[in-house]
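Worksheet: one structure, shown below.
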Amino acid sequence: MEKGQPALHIQYSEIETRLTKPGSCFEVMVEDIDGQPMRSWKYAQPSLRSVLESTQAYGDRTFLELDGLQMSYDSHLVAATAFGCSLFEDFDIGIGDRVAIAMRNCPEWSVAFFGAAAVGAVIVSLNAWWTGEELLYGIADAGVKVLVVDRERWNRLMPEIDRLRTIGVERIFLVDPDAQSEVDQSDIEILADFNVFLERPDQDSHSQPLSLPAIDLSSQDLATIFYTSGTTSRPKGVLGTHGNICSNMMTRQFARAVRREALSGASETGVDVDGDVYLLTAPLFHAMGCHSALLGTIACGGTLLLMHKWDADKALTLIESRHVTTFGGAPTMIRQIIDALENRQADLGSLRELLVGGAPLSRALVSHTKDALPDVVLENGYGMTEASSTISFISGSDCENNPESVGPPIPVSDVKVIGPDGSDLPWGESGELCIRGPGVALGYWREPKATEAVFGGGWLRTGDIAVIDKNGRINLIDRVKDVIIRGGENISSVEVEGRLLEHPSVLDAAVIAVPDLVLGERVGAIVVLRQSMDATGDELSQFLSERMARFKVPDRYWFREGELPRGQSGKILKRSLRDELGLDDL
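The numbering used here applies: residue 22 is where the sequence shown begins, and numbers increase by one.
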């Protein structure tokens, strides 16, 4: 935080002071970056290559698991090294060349990611939910030379093989158990089998193990291009450096140490590496899944348990059978887990931590969660791709008592709020939240105007309206573009959504502006009801009228079957909803 900011809650402040003291593994130092003093983690890894090499320490411990199939840290290191060497030696891939990954969550995603990063390539993380045309857009926009795809993504792209060649793609690696036979029979000369890197046996005592080529990687070198979820415009590629990502890796290790304090009060360094099993629900192609979960798991030598697709009943089975210690997801997923627990018996005694993000956390959900899982530590976090994931977090009793807060900023970040004219606002007033720190990305790929608008002046403009309270905690109010102005009154869509989620029949909700000739905008709500439950618009309006001013209550409701559309971070894609409803045409 900047000088003059209010003091944090005393408990968290004491923990932070102890964990970041000189000589600790979370020691914070001050560096000069572009003429500005910047705090950073003293012992953060310098590059993703060094992160990969550090995994030798974990040996045959299970690193990744999907559908019962496990990959150890050793096997992952061997496979990633083999892939990196092939990129470097066979395809002349080096620092700055783009290698794209288009896959659902699977161990091969991580192998491709670290193998490419280790030789200096820039990993282009493509959204696996995109259509073939959208995938082509990302591949062309980033100037990809090598592409790694799974079966489903290949089926979408195969009809456009000539366009891929024209774009400049030189090699496509297919991840599939049957890939070899298909590659052998294919007349597509740029198609290859990724499995050869996984099947490479550990070298015997008479052979020399593969070694990564000697390259001069800097923490300032570009490492990734992660595309934003496109909530307000076409996806833009966010430029992340090795230093950005490794800083967030250290942040997640710090957050884990804070949670351990909440569990036992005994952690001094947070370096407890035994037994962590993290059930991942976020996609690896999103910064939260990659930078926080994947890298965070490596930081503690844990196991990352993958799911192809979210299913609450399957998640319960995995938590019980695989003794999951940490589970993370959007509030909707937490709610579905609690609902599923009401209909079946499950031993969740191993579960220690629930990490929530992507949407506001309601007091009702906190209460239901603690009733069902009283010994679990809750953490509510806030982040974005442009900040390499984590900006702030709040955990333990602080989270339970302040669910509307996303906590104080992490120790290596500064925050401020600004008014519409860009001027700094005093603490306690609402304005656009801005941050700076070692996790803030370089900007947007080939988007100089957007880069200047969002990253200009040394601060990242988040697009979120927030208030910093007297204890230094960030309280999010709304997205700048999602504030509804009804007859001159500003209405927070997040506030209305939070109240709707308190209704016992509501599973999920999105509140949007409906154009109106008289008032300018009215409040509209898209609602997803819980299974086997019912509610009408009139009933919801009556419920809300008892809890908030009448002008904030929606004038119109749409009841939706199935899930709301969400981006990779879990945020609702309100632009897609407006398009579906034809509201922008009114």
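Backbone N, C-alpha and C fix where the C-beta goes; we use that ideal spot for every residue, glycine too. Since the structure is predicted, the reported quantities are computational estimates derived from the model, not experimental observations.
Fill in: Where the alpha helix (DSSP H) containing D555 begins and where it ends
Within the sequence shown, numbered from 1, the residue matching residue 555 stands at position 534. D555 -> no alpha helix (DSSP H), and no H or E assigned at all.
Discussion item. On the DSSP letters alone, give me the boundaries of the beta strand (DSSP E) that P58 sits inside.
Written reply: The residue labelled residue 58 in the question sits at position 37 within the sequence shown. Unbroken beta strand (DSSP E) run through P58: Q57 to W62.
Worksheet item: Just checking, does the region 333-340 make contact with the region 384-396 on the three C-beta pairs under 8 Å criterion?
Response: no
Worksheet entry | Inter-residue Cα distance where the pair is V298 and G541 | Taking the sequence shown and counting its residues from 1, the one referred to as residue 298 is at position 277. Taking the sequence shown and counting its residues from 1, the one referred to as residue 541 is at position 520. Using only the alpha carbons, I get a separation of about 50 Å.
Discussion item. What would DSSP say about L29, mapped onto helix, strand or coil?
Written reply: The count along the sequence shown starts at 1 and reaches residue 29 at position 8. Confidence at L29 is low in this model, with a pLDDT of 41, below 50, so the placement of that residue should be treated as unreliable; the coordinate-derived value is given next. Here L29 sits in coil by DSSP.
Worksheet entry | In chain order, each alpha helix (DSSP H) run of at least 4 residues that lies wholly inside the region 512-557 | 514-521
Worksheet entry | According to DSSP, residues forming a beta bridge with L362 | Walking along the sequence shown from the start, residue 362 turns up at place 341. In the DSSP output, where bridge partners are listed per residue, L362 has none listed.
Item to complete: Evaluate contact between the region 186-193 and the region 141-152, counting only Cβ atoms and requiring at least three cross-stretch pairs below 8 Å.
Response: no
Item to complete: Quick one: residues in its chain with C-beta nearer than 6 Å to the C-beta of L463, no 5 flanking neighbours on either side, listed in chain order?
Response: One-based indexing of the sequence shown puts residue 463 at position 442. L260, listed in sequence order.
Fill in: Beta-carbon separation (whole angstroms), L73 vs P128, contact threshold 8 Å
Position 52 of the sequence shown, counting from 1, holds the residue named residue 73. Position 107 of the sequence shown, counting from 1, holds the residue named residue 128. The Cβ separation is near 14 Å, so there is no contact.
Worksheet item: At what residue ranges does the region 400-476 contain a whole run of the alpha helix (DSSP H), taking only runs of 4 or more?
Response: 417-422 and 469-476
Practice prompt. May I ask you to list the residues that DSSP assigns as paired with L87?
Written response: The residue given as residue 87 occupies position 66 in the sequence shown. Per DSSP, L90 and L327.
Worksheet item: Do the region 129-137 and the region 98-108 meet, that is, are 3 or more Cβ pairs less than 8 Å apart?
Response: Three or more beta-carbon pairs drawn from the region 129-137 and the region 98-108 are found closer than 8 Å, and the two stretches are therefore classed as touching.
Discussion item. Among the candidates E425, I116, G258 and N422, whose CA atom is the shortest distance from the CA of S239?
Written reply: Position 218 of the sequence shown, counting from 1, holds the residue named residue 239. Selected option, being the one with the closest Cα: I116.
Worksheet item: Three-state secondary structure (DSSP) at D237?
Response: For the purposes of this step, residue 237 is taken as the residue at position 216 of the sequence shown. Residue state, collapsed to three classes: coil.
Discussion item. Can you give me the C-alpha to C-alpha distance between G493 and Y33, rounded to a whole angstrom?
Written reply: Taking the sequence shown and counting its residues from 1, the one referred to as residue 493 is at position 472. Taking the sequence shown and counting its residues from 1, the one referred to as residue 33 is at position 12. Near 11 Å, if we compare the C-alpha coordinates of Y33 and G493.
Worksheet item: Taking just the CA atoms, how far does C321 sit from T290?
Response: Looking up residue 290 in the sequence shown gives position 269. Looking up residue 321 in the sequence shown gives position 300. Per-residue confidence for T290 stands at a pLDDT of 40, beneath the threshold of 50, marking its modelled position as unreliable; no derived number is given.
Worksheet item: Is it the case that the Cβ atoms of A408 and L362 are separated by a distance below 7 Å?
Response: Residue mapping note: residue 408 aligns to position 387 of the sequence shown, counting from 1. Residue mapping note: residue 362 aligns to position 341 of the sequence shown, counting from 1. Cβ atoms of A408 and L362: not closer than 7 Å.
Worksheet item: In angstroms, rounded to a whole number, what distance separates the CA positions of I593 and E110?
Response: Looking up residue 593 in the sequence shown gives position 572. Looking up residue 110 in the sequence shown gives position 89. Rounded to the nearest angstrom, the gap between the Cα atoms of I593 and E110 is 43 Å.
Item to complete: Take the Cβ of Y64 as the centre, count every other Cβ of all protein chains shown within 10 Å, and call the residue buried at 16 or more, exposed below.
Response: Your numbering for residue 64 matches position 43 in the sequence shown. By the neighbour-count rule (16 or more Cβ atoms within 10 Å), Y64 is not buried but exposed.
Practice prompt. Indicate whether the contact test is met: 3 or more Cβ pairs, each with one atom in the region 461-476 and one in the region 501-515, closer than 8 Å.
Written response: no
Discussion item. DSSP three-state label for E220, please.
Written reply: Along the sequence shown, one-based indexing puts residue 220 at 199. Note: E220 maps to helix in three-state DSSP.
Worksheet entry | Sheet register partners of T347 (DSSP bridge) | Indexing the sequence shown from 1 puts residue 347 at position 326. Note: T347 sits in a beta bridge opposite Y299 and E374.
Worksheet item: Looking at the unbroken alpha helix (DSSP H) that takes in A139, where does it start and where does it end?
Response: By one-based count along the sequence shown, residue 139 stands at place 118. Run containing A139: P128 to A139, per the alpha helix (DSSP H) assignment.
Worksheet item: What are the boundary residues of the beta strand (DSSP E) that includes V169?
Response: Here residue 169 corresponds to residue number 148 of the sequence shown, with the count starting at 1. First-last of the beta strand (DSSP E) with V169: V167 to D171.
Fill in: CA nearest to the CA of I486, picked from G477, S514 and G478
As a position in the sequence shown, residue 486 is number 465, starting the count at 1. When only C-alpha atoms are compared, the closest one is S514.
Worksheet item: Starting from I340 and walking both ways along the alpha helix (DSSP H), at which residues does that stretch end?
Response: To locate residue 340, count along the sequence shown from 1; it is residue 319. Here the alpha helix (DSSP H) through I340 covers A333 to S342.
Item to complete: Check the DSSP bridge columns for W175 and list the partner residues they point to.
Response: The residue given as residue 175 occupies position 154 in the sequence shown. W175 is not bridged to any residue.
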